[in-house]
Each structure stands twice: as C-alpha cells, then as structure tokens.
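Here's the structure, in structure tokens; my notes come after.
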Amino acid sequence: MHETLENMVNKIYNYMIIEEKIENFCYNKIGDNMWFIFTLITFIAWGLADLYYKLGNSNDKYSHIKTGIIVGLIMGIHATIFMIFNKESINLIEIIKYLPVSLCYIASMVIGYKGLRYLELSISSPIQNSSGIITSILLCLIFKIKLSYLEILGIIVIFIGVLILSILEIKEGKKEKIIGSFKCFIVIFPIIYAIIDGLGTFLDAIYLDQLELISENSALIAYEYTFLIYGIIMLIYLKIKKEPFKLFGEKTKIKAALLETLGQFTYVYAISKNSVIAVPIISCYSALSVLLSRFYLKEKLSILSYIAIIIIFIGIILLGILEEI
79 MHETLENMVN KIYNYMIIEE KIENFCYNKI GDNMWFIFTL ITFIAWGLAD
129 LYYKLGNSND KYSHIKTGII VGLIMGIHAT IFMIFNKESI NLIEIIKYLP
179 VSLCYIASMV IGYKGLRYLE LSISSPIQNS SGIITSILLC LIFKIKLSYL
229 EILGIIVIFI GVLILSILEI KEGKKEKIIG SFKCFIVIFP IIYAIIDGLG
279 TFLDAIYLDQ LELISENSAL IAYEYTFLIY GIIMLIYLKI KKEPFKLFGE
329 KTKIKAALLE TLGQFTYVYA ISKNSVIAVP IISCYSALSV LLSRFYLKEK
379 LSILSYIAII IIFIGIILLG ILEEI
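Residue numbers (this note's numbering): 79 to 403.
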C-alpha cells in the first residue's frame, strides 16, 4: 500500500515537472499570447477527461462521490507540489475570496458525474458545455468589450455548432439513448451543470481577467484545496456509510482526475489573458468528447452530428488564425 502510494505521488510529481516546463516555455519563449495554446491544452485535456469519467462511472450509486474524492485528492497533491515549485503559500483569505467560483465549479462537476451514470457521453457533454457562449456574450455586454467582426464570426460559428450538436443529441436521447429506467427528464443533470458552470465561468472571468481580483496562482491553489476539502468530507461520509472505497482500484477515475487537473492548470492562465475568446473555445471540448465517445464507447453519431462538430472546429480554427494575425 505504501509503495503504491509512493508510486502515485512520484507520477504526479513527474507530471508537475512537465507542467512547469510548459509554463516556462509559454512565458519565457512566447509571452502573453500563449493564452491560445493554454486554451487548446485545456480543450484537449477536458475532452479526454470526459471520456475517462464516463468509462469510470458504474451502476454504483456512490460513483459520482468517489469520482469527486479522487479529483479532490489529486488536485490537493498537485496544489501542494505547485506551491513548492513556485514558492507560494496557502492564503486562507484568498481561498475564501475565491470560494464562490470554487463552489460553482465543484457543484457543477459533481452533478455532471451523477448525470453520466444515466446519460451517454454524446448526449450529456454538448448540453453541459453550451453555457460558454452565453458567458462570453454577458462579459462583452457588461464590460463593454469590443471584438472584431471576425472574432464575432468565430464565436457565432462555434455557437451554431454547439447548438446543433446539443439539439441533435437531445433528440437522439429521447428516441433511444437514455440509459437505465429513467425518463427523458434526467437530461436535467447536464442542464443544471450548464447553468452552475456558466455562473462559475462568468465569475472566474471577472476574478481573473476583467477586474483581476486574484492572481492565477492563487486562484489555482484556492480552487484545488477547496476541492481537496470536499474530497476529504466525502471520504468521511463514505466511511460513515460503511461504503467500501479502494482508491488504487479506480485507475480510470485517477486518469480522469489527472487530465482534469492538467486542464485546470492551463485554464486559469488562458482565461486570465483573454476570457471572452478562451471561454467559448474551451466550452467546445464537448465536440472532442462526442468524437471520442464514438470511437471508444461505440456511441452512434448521425451525419448531422459530424457536420456540427466540423462547424465547431472551423470556429476554433478561425479564432486561432485571428490570434496569429
């Protein structure tokens, strides 16, 4: 057991070294414009994490809680190593200040884990991430941010793709894809996720980008330690319920948690530099999740679904080209 724990810590430590190399490269070689690369890394990491979340979910009624515990533990270890590397310290005031954002994200994620137990990934993921465009629109309206016509076009193209994909997958779910004995009302899980996550993303953009209320490092540490606290509370809850929980028997959930943590690391830097453009791109990781669900989970996709995914990628490429101009 001790050896297994030591191996796990070593893997996360090595993973942290890779993160440090990414960060140093981004800021020393290229500078602030690296936000787009961070955005793409988050897009890929969270798209892959979605796949592993689904693979790790089971008929166990405590599966979503166990997933949350593992994510909390991984993030807690990561935050500790991150602080050591960057010579940071825990700031309770910063953790409390960032608490509204942290709670929104944690609540939405746990609801998302719960929904994956009943819905196929290709249905839940597009619905969950449809709030990103709305968040960008709100940021533009409230903070009077001016975008070029091409940037607006890119965001609209992404919005159309996500909207089409969500509508198509909901229709498919109503026909034949709902898992278990529940009716179509279980689509409420990803809808609630979208609302709460959208609120968290909006607050995050205000905290990190628009008003700069907190630094990227402080936000990362605050969020990951808050998730750790949640994980510890839920672990105690499972012990009270006498529910068995074997951490090292949950390899798929651990992979999902590592990818989630990688995405969170790059996310805070992406959103702090250009939240209005980064948010809609990151929110489209559902397109990658849907593609992966087709190849790895054998979930069927219609031709229109493929077209919607292509539209989304065209929007992302358009925004990427604009970044280079």
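Beta carbons are placed, not taken as given, at the ideal position from N, Cα and C, and that holds for glycine.
Alpha carbon to alpha carbon, what distance is there between residue 376 and residue 392?
Within the sequence shown, the letter at position 314 stands for residue 392. Within the sequence shown, the letter at position 298 stands for residue 376. Answer to the nearest angstrom: the Cα atoms are 25 Å apart.
Applying the criterion that 16 or more other CB atoms from any shown protein chain within 10 Å of the CB defines a buried residue, is residue 308 buried or exposed?
As a working mapping, residue 308 is identified with position 230 in the sequence shown. Classification for residue 308: buried.
In whole angstroms, what separates the C-alpha of residue 342 from that of residue 117?
Translated into the one-based positions of the sequence shown, residue 342 becomes position 264. Translated into the one-based positions of the sequence shown, residue 117 becomes position 39. The straight-line gap from Cα to Cα measures roughly 10 Å.
Go to residue 271, then tell me how far its alpha helix (DSSP H) extends in each direction, as first and last residue.
Position 193 of the sequence shown, counted from the first residue, corresponds to residue 271. First-last of the alpha helix (DSSP H) with residue 271: 266-283.
Of the choices 304, 129, 146 and 121, whose alpha-carbon is the least far from that of residue 373?
Working through the sequence shown from its first residue, we reach residue 373 at position 295. Nearest C-alpha to residue 373: 129.
Measure from the alpha carbon of residue 305 to the alpha carbon of each residue in 125, 174 and 137, then state which is nearest.
The residue labelled residue 305 in the question sits at position 227 within the sequence shown. Checking every option, the nearest Cα to that of residue 305 belongs to 174.
Under a three-way DSSP split, which group does residue 303 fall into?
Within the sequence shown, numbered from 1, the residue matching residue 303 stands at position 225. Helix, per DSSP.
Excluding sequence positions up to five away, which residues of its chain have a Cβ less than 7 Å from the Cβ of residue 295?
Locating residue 295 in the sequence shown gives position 217, counting from the first residue. Excluding sequence neighbours, residue 295 sits near 164 and 166.
Please state the DSSP three-state secondary structure of residue 138.
Along the sequence shown, read from residue 1 onward, the residue named residue 138 stands at position 60. In this structure, residue 138 counts as coil in the three-state DSSP scheme.
Which residue's Cα is closest to the Cα of residue 314: 146, 180, 152 and 271?
Position 236 of the sequence shown, counted from the first residue, corresponds to residue 314. Per the Cα distances, 146.
What distance in whole Å lies between the Cβ atoms of residue 274 and residue 399, which are believed to be in contact at a cut-off of 8 Å?
On the sequence shown, residue 399 is found 321 positions in, with the first residue counted as 1. On the sequence shown, residue 274 is found 196 positions in, with the first residue counted as 1. At roughly 33 Å, the Cβ-Cβ gap does not stay under 8 Å, so residue 399 and residue 274 are not in contact.
Spatial neighbours of residue 212 within its chain, please: CB distance less than 8 Å, with the 5 preceding and 5 following residues excluded, ordered by chain position.
As a position in the sequence shown, residue 212 is number 134, starting the count at 1. Same-chain partners within the cutoff: 276.
Return the chain-ordered list of same chain residues with a C-beta closer than 7 Å to the C-beta of residue 333, the five sequence neighbours on each side being excluded.
On the sequence shown, position 255 is the one that residue 333 refers to. Excluding residues within five positions, the ones whose Cβ falls inside 7 Å are 130.
Here's a check: name, in chain order, each residue in its chain whose Cβ is nearer than 6 Å to the Cβ of residue 378, leaving out the five neighbours to either side.
As a first step, residue 378 must be located in the sequence shown, where it is residue number 300. Around residue 378: no qualifying Cβ.
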